[in-house]
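Line by line, the protein sequences are chains A and B. Here this note's numbering = 1-based position in the first sequence + 1. Here this note's numbering = 1-based position in the second sequence + 647.
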Amino acid sequence: MQAQLKALIIPLLSIPNRHPRLFLVTAVIIWFGLYQTLIPFSEYVVDLLPVDRASRLGSALQFFFYDTPKVLMLLTAVVMVMGMVNSYFTPERTRALLAGRREGIANGMAACLGIVTPFCSCSAVPLFIGFVKAGVPLGVTFSFLISAPMVNEVALTLLFALFGWKVAGLYLAMGLSIAIVAGWVIGQLRMEAHLEDWVKNMPKVRAEINESELTLSDRLDAGFAAVHDIVAKVWPYILVGIAVGAGIHGYVPEDFMASFMGKEVWWAVPVSVLLGVPMYTNAAGIIPIVEALLAKGAALGTVLAFMMSVIALSLPEMIILRKVLKPTLIATFFGVVAAGIILVGYVFNAVL
Amino acid sequence: MLFYKEIDVKEIKVLGTGCTKCQLTTRLIQDISKEKGVDIALEKVEDIEKIMSYNIMSTPAVVIDGLVVHSGGIPAKSKVESWFQ
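Next comes the structure, spelled out in structure tokens:
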């Protein structure tokens, strides 16, 4: 019996690889179809439960049953697409695109490439050194290093799914601005001397790409692997986050946070950024906190600054970078990014 | 005179600073090499200077008999199996 089941399932599972274009088109259609059913589905589930729909519990539950599948679907789609895009923008290609390019423009490119190049914080050091060896200017490398962990697709997707495209767009704009400007500033400071000696002594390399031709089927595989890696790790945080959001919608009084993080409190931004420094969580983990803060009156610029500080100014990454950067340079990196985040927090609070 | 070395045992190095991905990669290689009955000398390289001597940009990376065969993320099972054909 088992053998017969296997004989049926295995050929089915290989369909994406044998007919990648057909698979993609079908998957997109099915995804959109499912997406339309989300609201009716959530209402249906709440109907089944012995709860009054108009009550606080009723709304909280509807929120939970609507948002959970919605966020998971969005996240899966975005991670899948990014996994495929990442297979184009390997670190080697990004490096080749940036090597020897003029600063300013290169900072902008580096920040944007940071979004689409796959980056794991344990690779921060090899990547950093690889860039430097190939002649990517120091400031440009930093622009990349700031944007890559901070402006990531999980953070953007969750912000979009839970708060709308304006908030997600704002985060994106803030993140890129900080990455570009902070990287450029560090470049202007000409701190190449503050790289660890063994890094300075490394032989230079030419930035080449060895184009191993990947087929669409290979890229699909990369997408699947990314979904498996990321969504499997992150879904508990998402459930917690949405549950928290659901609870807040029903139960916590308005303006609770306004006294600490509202616009009138001028010191809210720097304090939030400072608070974020010792904290570190992945992008998904910070969302429940963001939700709570926003729902209860905190200013948007302040909250996003806090979120960035938690993700971008992380002690673990600083420790890892200590192997290649001398303390002065690490402190400078830290300081410039923190200042950037604070500045951007203020600006967006003022503008919105 | 001709010298040649009889290479019975594959020398495999897993390069990585010690995060979970590197450990999973090491375990994967150990499991599959055992499955295929191939003898290997497996070494974990965590020293960053040594890692950089291989010119890679993402870890974990795998080096077999001096040649970098993989870098970035945990290698696919099919890829690891292909090393032991």
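Every residue, glycine too, gets a C-beta built ideally from N, C-alpha and C.
- Taking a Cβ-Cβ cut-off of 8 Å, the neighbours of Gly663(B) in chain A comprise Cys123, given in sequence order.
- Looking at the backbone, the Cα of Thr216(A) and that of Leu13(A) are separated by about 20 Å.
- Taking a Cβ-Cβ cut-off of 9 Å, Trp268(A) has no neighbours in chain B, whose nearest Cβ is about 37 Å from it.
- Taking a C-beta distance under 8 Å as the contact criterion, Ile288(A) and Leu173(A) do not qualify as a contact pair.
- Take the alpha-carbon of Leu275(A) and the one of Met74(A): they are about 34 Å apart.
- Under the Cβ distance rule, Gly131(A) counts among the residues neighbouring chain B, one pair being separated by less than 8 Å.
- With respect to Ala285(A), Val155(A) sits close: the two C-beta atoms are nearer than 8 Å.
- Using a C-beta cut-off of 8 Å, the stretch 96 to 108 of chain A makes no contact with the stretch 67 to 87 of chain A, since fewer than three inter-stretch Cβ pairs fall below that distance.
- Not one beta carbon of chain B lies nearer than 8 Å to the beta carbon of Trp236(A).
- Non-local C-beta neighbours of Pro317(A) in its own chain, meaning closer than 8 Å and more than five positions away in sequence, comprise Ser122 and Tyr281, ordered along the chain.
- Interface residue (Cβ-Cβ distance to chain B less than 8 Å): Leu23(A) is not classified as such.
- Contact with chain A is absent for Glu693(B), since none of that chain's Cβ atoms lies less than 8 Å from the residue's Cβ.
- Across the structure, Val278(A) and Leu314(A) are spaced so that their CA atoms are roughly 6 Å apart.
- The C-alpha of Met309(A) lies about 26 Å from the C-alpha of Phe65(A).
- For Thr673(B), the nearest beta carbon of chain A is not closer than 8 Å to its own beta carbon.
- Gly248(A) is a Cβ neighbour of Ala61(A), given a cutoff of 8 Å.
- For Leu128(A), the neighbours in chain B by C-beta distance under 8 Å run, in chain order, Met704 and Ser705.
- A buried status is given to Tyr67(A), since no fewer than 16 other beta-carbon atoms sit within 10 Å of its beta-carbon.
- Between Ser680(B) and Asp686(B), the alpha-carbon positions lie close to 7 Å from each other.
- The three-state reading of DSSP puts Lys660(B) in strand, counting E and B together.
- Taken through DSSP and simplified to helix, strand or coil, Glu690(B) comes out as strand.
- At a cut-off of 8 Å between C-beta atoms, Met81(A) does not count as an interface residue with respect to chain B.
- If you draw a straight line from the Cα of Pro41(A) to the Cα of Phe33(A), it is about 14 Å long.
- Restricting attention to Gly720(B), Asn702(B), Glu682(B) and Thr706(B), the CA atom closest to the CA of Trp730(B) is found in Glu682(B).
- Shown here, His20(A) sits in coil according to DSSP, grouped into three states, outside any helix or strand.
- Here DSSP, grouped into helix, strand and coil, assigns Val710(B) to strand.
- The C-alpha of Cys113(A) lies about 42 Å from the C-alpha of Leu58(A).
- For chain B, the residues of the stretch 87 to 100 of chain A that bring a beta carbon within less than 8 Å of one of its beta carbons are Thr91, Pro92, Glu93 and Arg96, in chain order.
- Annotation: Gly84(A) to Phe225(A) spans about 7 Å, alpha carbon to alpha carbon.
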